[in-house]
Amino acid sequence: MAALSGRFKGCLIAVALLGLLAACSPDVSELMERADQHRADGRYQSAIADYRNVLELDADHAEARLHLGETALTIGDYVGAEEALRRAFRLGVSADRIYPSLSRALLWQQKPEQLLGTITVDDSMPAPLQAELLAMHAEAHRQLRQTDRSDENLRKALAIDPDAVPALLVAGRLALDRGLLVEAKDYADEARNNAPQSAAAWLLTAQIQRTARDVSAAIDSYRQLLALDATDISTEMHFMARGALAELLASQRELEAAENVVQHMLQQAPRHPYPNYLAAILAIETDRLATANDHLQRAIAAAPNSLQIKTSLALLRLRQERFAQATALLREVVFAQPENIEARVLLAAGYRGLQQPRQATRVLTEGLAHADGDPRIIAQLARAMDGDVAELRQAIEQLSETDAAAHQIRLAAAEAFFGRGQTDAALAILSDMQIQHDEELLGQQLLIVASVHRGDLDKALHEAQALIDAYPGKPLGYNLLGGIHFFSERLDEAEAAFRKAVARSEGDPQAHLNLGLLAEARGDIPAAIRHFRDGLERKPGNIQAMLQLSDLLRRGEQHQEALAWAEQAAQLAPNDLQANVFITRQHLSMDNPEAAVANARVGLELAPDDAAAHGVFGVALLASGRPEEAAEALAEATRLAPDSPDLQLQLARAQAAAGRGTASAETFEALLLADPANVQARLTLGTWYIERQVYTDAIRHYEQLAELTERQNPVVLNNLAWLYQQVGDERDLETAQAALELAPDNAEILDTLGWIEHGRGHHEAAIGRLSKAHTAAPANARIRYHLGAALVADGSIEQGRQALREALDMAGDASWAEDARAMLEAE
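Going by this note's numbering, the residue at position 489 of the sequence shown is 528; the numbering climbs one at a time, nothing skipped.
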């Protein structure tokens with residue numbers, strides 16, 4: 040035999056090595072045994088590697104999928120756990136083995152809706168499993184703030200198994216949510232007695248003690264928790280519990296112990312914002328400012344929208360006497376949280392560091408609007424004003440016009456009241472002031488705007504003209520004058536004033552933005568877009584202008600650019616709910632309902648008690664095909680803003696989509712009592728009554744619609760004519776004729792009129808109308824049936840029968856089908 044070539048020998052060696060490797064590889068059963076042992080020993084990554092090796096050999100190995108999901112759950116890979124557990128279930132693993140772990144995977148991913156839609160409970164399951172899964176349902180409803188449903192599931196769970204720890208824990212959390220600390224403690228104690236090694240029970244205990252300000256007991260409970268092998272809380276809960284312990288230790292001045300806890304957290308997650316924030320706070324406490332800065336920079340890089348981190352960074356900058364940076368950060372915080380008195384006090388300190396005492400006074404005075412009469416807050420504001428007043432409210436009432444500081448306080452208070460919509464209060468403060476100095480133009484501007492809102496246009500015009508006379512070279516007076524004319528709907532005069540403002544300062548953005556508003560009012564969307572772009576070129580950071588431009592672009596169907604402007608506004612003001620709402624609406628306009636839902640959730644986190652946040656969330660849920668959840672969100676929105684017709688309208692739509700017809704009708708009726716001229720609500724409710732053949736109520740609403748539309752809407756008149764025909768009201772003919780005059784070629788109106796004429800025995804006229812309708816809409820089976828019936832009645836039997844047969848072929852199960860068959864069977 041000839042000698043083998045080098046290349047061929049190399050191939051043989053490779054094949055031989057592969058054979059040896061294959062011969063040495065463990066089989067599936069050995070891999071499973073090894074993986075299970077790794078898992079029992081706590082070597083979870085090794086276990087996962089072996090389970091995956093099994094699945095490479097046998098992708099349908101159900102037990103490997105199950106164990107992979109359970110192990111992934113242990114290490115905090117909840118997405119991977121969910122995927123593996125779902126596949127194991129599809130491969131035949133029983134629900135009683137899948138559902139407990141899958142429930143936790145979904146809850147720990149904040150997916151309560153998916154849990155409720157996936158995990159079912161039935162009587163065939165073992166009692167302990169039923170109780171556990173009902174508790175999981177209760178927790179899901181708790182996360183969705185559906186406390187009644189949560190209570191209902193808990194009652195069922197505890198009736199099945201009064202000692203069920205998961206149910207006791209959810210009951211304790213609900214009691215804590217409600218501020219019932221004694222009741223919460225009883226549930227937590229019982230849970231710990233039943234399961235002393237339950238990390239979730241110790242976590243609940245610690246949270247109750249912390250809420251009750253029993254700091255020493257809470258520290259002990261957190262330490263007990265952290266000593267356990269936690270399997271019934273998520274890795275995030277475990278991590279955050281460690282941080283809570285550090286905060287409590289720091290509050291007790293146990294700084295070294297707190298530092299040790301934080302260092303442990305940093306070893307686990309060196310870039311996570313929470314331990315870096317905590318490390319920075321401890322460093323500031325011990326005057327290690329460079330270390331604090333390093334940690335805060337890492338924290339804000341990971342969580343750029345965190346107001347808490349921004350406040351801490353601002354505090355550090357104040358300590359470093361870097362006042363400009365501190366005030367920039369604190370302005371963002373106060374803008375997002377105007378009720379944050381601590382941030383206001385820090386911001387005032389920053390302004391004083393910048394030698395801007397008036398700005399400091401203004402910030403503190405505005406705090407009065409958020410004090411709610413709380414003496415503690417008022418005293419805090421007074422102290423921050425360097426002792427100028429003992430109580431801010433009394434000081435404003437007793438201000439002396441000769442006192443410059445008091446003058447500035449009054450001016451800032453007026454701005455605060457006007458910002459809250461309290462125009463009369465603002466005007467009362469400003470009316471007795473003599474606005475003379477250039478730096479007090481703000482006061483003059485507020486006085487004018489307050490007068491406009493109060494309806495005193497003569498005073499507003501007088502003050503605006505006085506401002507123009509005093510400062511003829513400034514655009515401000517002309518902008519205000521144009522605004523007054525705009526408010527009074529004198530659009531030509533408004534445009535003339537705004538153009539004078541532009542002429543006095545090409546670099547002034549406000550006049551361009553005002554011209555944009557004017558163009559929008561005239562319906563000239565392209566011109567409005569152009570003016571807003573001009574204004575934003577001159578003042579790029581104007582968030583309201585960005586949002587206005589975004590809305591204009593949306594209406595002009597320039598969706599991508601509209602979304603970009605809204606997102607840019609949100610980046611500049613990450614805690615601004617209005618920007619979030621604009622982004623959500625834009626996603627809805629672009630038919631991206633899931634993106635809209637995700638964005639609206641962020642809005643709810645920003646403003647959990649805001650009606651608009653709940654409202655746009657509900658609309659997004661409705662668009663994504665989740666009407667039940669939408670109805671819940673919109674019900675909460677209407678609870679927060681019961682006088683909003685828009686929210687009531689959306690709630691009624693969601694209730695109808697969820698199959699709650701009666702509730703929807705009741706909501707519509709309530710809306711129309713408050714807003715009788717709401718055309719959309721009347722139209723929807725009228726249609727609802729038509730669908731249920733409640734014709735008298737439908738007529739009531741369509742008659743109102745006809746009046747509201749000044750009998751100029753052909754669809755409304757056509758539907759009203761049809762309704763009149765159903766109840767034998769002789770106004771049907773004249774109403775249908777009026778509709779046809781408005782839309783002579785409309786097939787539906789021709790059909791209605793023709794069918795009414797047929798009913799009155801005017802067969803020739805009916806056939807003319809119905810033939811024209813059939814020509815316009817040949818695919819409409821109902822029109823073909825009506826034409827056939829008219830032809831038969833007029834004596835054109837065969838032609839009519841042919842039309843009837845064709846109509847039945849097209850829609851054999853229609854409401855008129857039996858009548859059509861009866862005509863065909865008649866001799």
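Backbone N, C-alpha and C fix where the C-beta goes; we use that ideal spot for every residue, glycine too.
Using a 10 Å radius around the Cβ and a threshold of 16 neighbouring Cβ atoms, would you call residue i buried or exposed?
i, result
"residue 800", "exposed"
"residue 400", "buried"
"residue 433", "A caution first: residue 433 carries a pLDDT of 44, below 50, which makes its placement in the model too unreliable to give a value."
"residue 79", "exposed"
"residue 389", "buried"
"residue 865", "exposed"
"residue 294", "exposed"
"residue 340", "exposed"
"residue 941", "The structure shown does not extend to residue 941, since the chain is modelled only from 40 to 866, so the question has no answer here."
"residue 648", "exposed"
"residue 266", "exposed"
"residue 59", "Here residue 59 scores only 33 on pLDDT, less than 50, and its place in the model should not be relied on; the value that follows carries that caveat. Answer is exposed; the Cβ neighbour count stays below 16."
"residue 221", "exposed"
"residue 719", "exposed"
"residue 515", "buried"
"residue 780", "exposed"
"residue 677", "buried"
"residue 766", "exposed"
Is DSSP giving residue i helix, strand or coil here?
i, result
"residue 581", "coil"
"residue 722", "helix"
"residue 847", "helix"
"residue 92", "helix"
"residue 615", "coil"
"residue 597", "coil"
"residue 184", "coil"
"residue 787", "helix"
"residue 698", "coil"
"residue 159", "coil"
"residue 794", "helix"
"residue 638", "helix"
"residue 628", "helix"
"residue 337", "helix"
"residue 303", "helix"
"residue 552", "helix"
"residue 864", "helix"
"residue 150", "coil"
"residue 220", "helix"
"residue 524", "helix"
"residue 80", "coil"
"residue 164", "coil"
"residue 62", "Below a pLDDT of 50, predicted positions are generally treated as unreliable, and residue 62, at 36, falls in that range; no measurement from the model is reported."
"residue 311", "coil"
State the start and end residues of the unbroken alpha helix (DSSP H) segment that holds residue i.
i, result
"residue 349", "346 to 358"
"residue 142", "134 to 147"
"residue 113", "101 to 114"
"residue 769", "First-last for residue 769: undefined, no H or E at that position."
"residue 214", "204 to 216"
"residue 497", "496 to 509"
"residue 661", "650 to 662"
"residue 241", "238 to 250"
"residue 395", "It is not in any alpha helix (DSSP H) - residue 395 carries neither H nor E in the DSSP assignment."
"residue 814", "802 to 815"
"residue 821", "820 to 832"
Pop quiz: residue i and residue j are said to be a contact at Cβ under 8 Å. What is the actual Cβ separation, rounded to whole angstroms?
i, j, result
"residue 642", "residue 634", "Actually they are not in contact, since the Cβ atoms of residue 642 and residue 634 sit about 13 Å apart, beyond 8 Å."
"residue 100", "residue 89", "Contact doesn't hold; Cβ gap of about 12 Å is too wide."
"residue 315", "residue 281", "Not a contact, Cβ separation roughly 14 Å."
"residue 827", "residue 808", "Not confirmed; about 14 Å, so no contact."
"residue 661", "residue 693", "5 Å"
"residue 663", "residue 636", "5 Å"
"residue 288", "residue 264", "With a Cβ gap of about 14 Å, residue 288 and residue 264 do not count as contacting."
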